[in-house]
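Q: Listed in order, the protein sequences are those of chains V and Y. Position 86 (the first sequence) corresponds to 86 in our numbering; numbering is contiguous. Position 107 (the second sequence) corresponds to 107 in our numbering; numbering is contiguous. Here a beta-carbon is modelled for each residue, glycine too, at the ideal position from N, C-alpha and C. Sharing a structure with you now.
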Amino acid sequence: MTTLFYGVFKRDLALAFRQKAELAQPLLFLLIVITLFPIAVGPGPDILQRIGPGVIWVAAILASLLGMDRLFKEDFNDGSLEQMMLSGHPLYQLVLAKITAHWLVCFIPVLLLTPLFSILLNQTLTMAVALFLSLLLGTPLLSLMAAIAMGLTVGVPKGGLLPSLLMLPVLIPLLIFATSAVESAAMGLSYTPQLAVIGAMFLVALALAPLATVYALKVSQH
Amino acid sequence: MSQLVASELSCIKQDRVLFDNLSVTLSAGQLVHLRGPNGAGKTSLLRILAGLSAADSGHISWQNQSLGSDYFTQLVYLGHKNGLNLTLNAIENLYYWCAQHGVKISSAQLYDRLAALELTGLETLPVKALSAGQQRKVALARLWLKPAMVWLLDEPFTALDIRTIGMLENALNNFVTQGGAVMLTSHHVMTSAVGKVQSLDLEYRW
């Protein structure tokens with residue numbers, strides 16, 4: 001376990017911080033989308049409050065699609081992935097270490113900036129809290145699903161849009177429950193049911209997605 | 001007796017049978033030179049023996065057990081791809097590789113190893129700044145770093161200069177005399193420094 005921690009997890013983090021431009025790219029994209037929206041739909045506080053959660057969630061999903069390539073593509077192309085697969089560790093743990101590193105690098109900055117986005121889009125405090133919690137539970141799910149999609153398409157040159165399409169069936173329910181949670185918060189209702197559903201999706205994905213990813217990677221190595 | 005036994009392997013790619021009913025045994029102290037024209041399936045066979053891809057039929061066993069973590073801890077595989085991240089430097093690449101494979105190593109040992117391969121002064125450059133031959137040398141450094149019993153090497157001599165080829169041939173000889181088993185593909189004619197070489201010929205099949 002420690003060998004995996006040093007060999008894979010720390011490696012991926014070190015690599016991410018070496019490529020700072022790539023690290024900042026999804027975040028800048030997110031910031032641009034969120035500043036452009038009020039200009040496009042009009043800066044009325046009511047409109048912004050209504051569309052805010054949806055805008056932030058959609059932008060976060062699109063930004064995550066930008067950073068998805070980092071998960072396996074480079075390691076597959078330069079052969080690092082096959083060396084990792086021959087390390088004798090259970091591939092499940094290896095994949096989980098890579099997904100964790102990916103989530104930390106891609107989504108922690110987004111989570112940290114969410115309060116700022118909430119202010120920009122005129123969210124009330126309860127809405128901002130609900131939004132933050134839905135992102136906290138929902139973004140790991142995005143990372144896990146991205147791992148399956150990337151694992152399946154890693155061997156496809158110019159895979160481009162394919163992984164995003166593969167993720168769509170999971171993205172839609174996630175988006176529905178996440179925005180519904182913030183809507184409930186706006187009306188002063190309890191939003192724990194929606195969060196519980198997202199949490200359940202996350203836990204199921206945590207148990208099954210690494211297995212699916214391992215299988216996908218094995219197929220891609222063939 | 002440590003033995004890698006592959007029985008009745010077959011491999012089909014793009015509707016072409018690369019080989020079928022192929023049985024190979026690789027035992028300690030053996031150096032097998034896998035030969036054949038381009039496209040004969042040498043790389044496919046090595047990848048199957050390494051456990052990276054599955055054969056279409058057949059069975060592989062290591063010490064009478066199917067391939068598992070006790071095989072991988074004894075294996076160094078070097079493929080066409082060097083397995084080096086181009087952004088990280090040579091030391092980092094090898095350090096993380098050692099960590100993944102559970103090899104305990106100090107950075108002083110890593111520096112010594114790279115110095116022995118005549119890479120002094122290039123240790124902290126990003127690997128993409130090195131020439132193809134130098135990158136290959138960094139990848140080959142793994143052979144000295146991990147204590148293993150099986151080496152599977154795909155074209156290890158590619159892009160190397162004459163001195164390094166000599167060094168690698170000596171290393172192969174030492175490894176085999178100490179009871180290691182090697183299977184390699186190469187279009188390079190090996191000198192007598194390698195010691196006794198057995199050949200396995202694959203034919204190109206239409």
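Among Y:Leu-78, Y:Val-103 and Y:Arg-142, which one has its Cα closest to the Cα of Y:Leu-114?
A: On the second sequence, position 114 is the one that residue 114 of chain Y refers to. The shortest Cα separation from Y:Leu-114 among Y:Leu-78, Y:Val-103 and Y:Arg-142 belongs to Y:Arg-142.
Q: Tell me the DSSP secondary structure of V:Asn-122 in three-state form.
A: The residue you call residue 122 of chain V lines up with position 122 of the first sequence. Coil, per DSSP.
Q: Once you ignore the five residues that flank V:Leu-96 on each side, which residues in its own chain have a CB closer than 7 Å to its CB?
A: Within the first sequence, residue 96 of chain V is the residue found at index 96, counting from 1. Pro-210, listed in sequence order.
Q: Anyone know if the C-beta pair for V:Leu-71 and Y:Gly-51 falls short of 9 Å?
A: Working through the first sequence from its first residue, we reach residue 71 of chain V at position 71. Working through the second sequence from its first residue, we reach residue 51 of chain Y at position 51. Cβ atoms of V:Leu-71 and Y:Gly-51: not closer than 9 Å.
Q: Pairs of beta-carbons, one from the segment 105-112 of chain Y and one from the segment 25-40 of chain Y, closer than 8 Å: are there three or more?
A: The answer is no - the segment 25-40 of chain Y does not touch the segment 105-112 of chain Y, with fewer than three Cβ pairs under 8 Å.
Q: Tell me where the beta strand (DSSP E) around Y:Leu-31 begins and ends.
A: Taking the second sequence and counting its residues from 1, one reaches residue 31 of chain Y at position 31. Counting along the chain, the beta strand (DSSP E) containing Y:Leu-31 begins and ends at 31-35.
Q: Residues in the segment 60-76 of chain Y with C-beta within 7 Å of chain V's C-beta atoms, listed in sequence order?
A: Going along the segment 60-76 of chain Y in chain order, one finds Ser-69, Phe-72, Thr-73 and Leu-75 with a Cβ nearer than 7 Å to chain V.
Q: Are Y:Ala-55 and Y:Ala-6 closer than 9 Å when you measure CB to CB?
A: If you number the second sequence from 1, residue 55 of chain Y lands on position 55. If you number the second sequence from 1, residue 6 of chain Y lands on position 6. Cβ distance < 9 Å, so Y:Ala-55 and Y:Ala-6 count as in contact.
Q: Closer than 9 Å, CB to CB, is V:His-89 near chain Y or not?
A: Taking the first residue of the first sequence as 1, we reach residue 89 of chain V at position 89. It does; some Cβ of chain Y falls within 9 Å.
Q: What in chain Y is Cβ-close to V:Thr-3, meaning under 7 Å?
A: Counted from its first residue, the first sequence places residue 3 of chain V at position 3. By Cβ distance, chain Y contributes Ala-99, Gln-100 and Gly-102.
Q: Got a sec: which bits of the segment 195-222 of chain V sit with their beta carbon under 9 Å from any beta carbon on chain Y, in order along the chain?
A: Here the close residues are Lys-218, Gln-221 and His-222.
Q: If distances are taken between C-alpha atoms only, which option among Y:Lys-146, Y:Trp-151, Y:Asn-174 and Y:Arg-136 comes closest to Y:Asp-161?
A: Taking the second sequence and counting its residues from 1, one reaches residue 161 of chain Y at position 161. Out of Y:Lys-146, Y:Trp-151, Y:Asn-174 and Y:Arg-136, Y:Arg-136 has the C-alpha closest to the C-alpha of Y:Asp-161.
Q: Quick test of your reading: V:Pro-53 and V:Leu-131, contact by CB under 8 Å. State the CB separation rounded to the nearest angstrom.
A: Here residue 53 of chain V refers to the residue found at position 53 of the first sequence. Here residue 131 of chain V refers to the residue found at position 131 of the first sequence. Confirmed, Cβ separation roughly 5 Å.
Q: Check whether the Cβ of Y:Ser-131 lies closer than 9 Å to any Cβ atom in chain V.
A: Locating residue 131 of chain Y in the second sequence gives position 131, where the first residue counts as 1. Taking Cβ atoms only, chain V never reaches closer than 9 Å to Y:Ser-131, which makes this a no.
Q: For chain Y, is any of its Cβ atoms less than 9 Å away from the one on V:Met-150?
A: Mapped onto the first sequence, residue 150 of chain V falls at position 150. By this cut-off, V:Met-150 is not an interface position.
Q: Whole-angstrom Cβ separation of Y:Leu-172 and V:Asp-78, contact assumed at under 8 Å?
A: As a first step, residue 172 of chain Y must be located in the second sequence, where it is residue number 172. As a first step, residue 78 of chain V must be located in the first sequence, where it is residue number 78. Not quite, the Cβ-Cβ distance comes to about 25 Å (not below 8 Å), so this is no contact.
Q: Take V:Ser-143 as the anchor and find which of V:Gly-159, V:Ser-118, V:Phe-117 and V:Val-170 has the nearest alpha-carbon.
A: As a first step, residue 143 of chain V is located in the first sequence; it is residue number 143 there, counting from the start. Comparing Cα positions, the closest option is V:Val-170.
Q: Rounded to the nearest angstrom, what separates V:Ala-128 and V:Trp-103 at their Cα positions?
A: By 1-based counting over the first sequence, the position of residue 128 of chain V is 128. By 1-based counting over the first sequence, the position of residue 103 of chain V is 103. About 21 Å.
Q: Under 9 Å between C-beta atoms, does V:Tyr-224 make it to chain Y?
A: Outside the modelled stretch of chain V, which goes from 1 to 222, sits residue 224 of chain V, for which no answer is possible.
Q: Ordered along the chain, which non-local residues of its own chain (more than five positions away) have a Cβ less than 6 Å from that of V:Thr-201?
A: The residue you call residue 201 of chain V lines up with position 201 of the first sequence. For the record, residue 201 of chain V in the displayed sequence is Met; it is not Thr. Leu-141, listed in sequence order.
Q: Answer yes or no: does any C-beta atom of chain Y fall closer than 9 Å to that of V:Gly-79?
A: As a first step, residue 79 of chain V must be located in the first sequence, where it is residue number 79. Chain Y, which has a Cβ nearer than 9 Å to the Cβ of V:Gly-79, makes this yes.
Q: Could you please tell me which residues of the segment 15-40 of chain V, in chain order, have their CB closer than 9 Å to any CB of chain Y?
A: Of all residues in the segment 15-40 of chain V, Leu-15, Arg-18 and Gln-19 have a Cβ within less than 9 Å of some Cβ in chain Y.
Q: Select from V:Val-33, V:Gly-67 and V:Ser-64 the residue whose C-alpha is nearest the C-alpha of V:Ile-51.
A: The residue labelled residue 51 of chain V in the question sits at position 51 within the first sequence. It is V:Val-33.
Q: In angstroms with no decimal places, state the Cα-to-Cα distance between Y:Ala-28 and V:Gln-93.
A: Within the second sequence, residue 28 of chain Y is the residue found at index 28, counting from 1. Within the first sequence, residue 93 of chain V is the residue found at index 93, counting from 1. Straight-line Cα distance between these residues: approximately 32 Å.
Q: Does V:Asp-75 come within less than 9 Å of chain Y when only Cβ atoms are used?
A: In the first sequence, counting from the first residue as 1, residue 75 of chain V sits at position 75. Yes, V:Asp-75 lies at the interface with chain Y (some Cβ there is under 9 Å from its Cβ).
Q: Taking the continuous beta strand (DSSP E) assigned at Y:Thr-25, which residues delimit it?
A: Within the second sequence, residue 25 of chain Y is the residue found at index 25, counting from 1. Per DSSP, Y:Thr-25 belongs to the beta strand (DSSP E) from 16-27.
Q: Under the assumption that V:Gly-151 contacts V:Ala-59 (Cβ atoms under 8 Å), give the Cβ distance between them as a whole number of angstroms.
A: On the first sequence, position 151 is the one that residue 151 of chain V refers to. On the first sequence, position 59 is the one that residue 59 of chain V refers to. The Cβ separation is near 25 Å, so there is no contact.
Q: Any residues in the segment 136-169 of chain Y with a beta carbon nearer than 8 Å to a beta carbon of chain V? Which ones, in chain order?
A: Answer set for the segment 136-169 of chain Y: empty.
Q: Using the beta-carbon count (16 or more within 10 Å), is Y:Tyr-204 buried or exposed?
A: Position 204 of the second sequence, counted from the start, is the residue given in the question as residue 204 of chain Y. So Y:Tyr-204 counts as exposed.
Q: With distances taken from CA atoms, which of Y:Ser-199, Y:Leu-86 and Y:Ala-148 is nearest Y:Glu-123?
A: Here residue 123 of chain Y refers to the residue found at position 123 when the second sequence is read from its first residue. The residue with the shortest Cα to Cα distance from Y:Glu-123 is Y:Leu-86.
Q: Secondary structure at Y:Ile-48, three-state DSSP: helix, strand or coil?
A: In the second sequence, counting from the first residue as 1, residue 48 of chain Y sits at position 48. Three-state DSSP puts Y:Ile-48 in a helix.
Q: Where does Y:Met-183 sit, in a helix, a strand or coil, going by DSSP?
A: Walking along the second sequence from the start, residue 183 of chain Y turns up at place 183. The answer is strand: DSSP assigns Y:Met-183 an E or B state.
Q: Just list the alpha helix (DSSP H) runs in the segment 132-211 of chain V, keeping only unbroken ones of 4 residues or longer that don't cross its boundaries, in chain order.
A: Fully enclosed alpha helix (DSSP H) runs of 4 or longer: 162-186.
Q: Are there three or more Cβ pairs, one per stretch, closer than 8 Å when the segment 114-125 of chain V is compared with the segment 157-176 of chain V?
A: In short, these stretches do not touch, since the Cβ pair count stays below three.
Q: Along the beta strand (DSSP E) that carries Y:Val-76, what are the first and last residues, could you check?
A: Looking up residue 76 of chain Y in the second sequence gives position 76. 75-78 is the span of the beta strand (DSSP E), which, as asked, contains Y:Val-76.
Q: To the nearest angstrom, how far is it from the Cα of Y:Val-150 to the Cα of V:Leu-206?
A: One-based indexing of the second sequence puts residue 150 of chain Y at position 150. One-based indexing of the first sequence puts residue 206 of chain V at position 206. About 36 Å.
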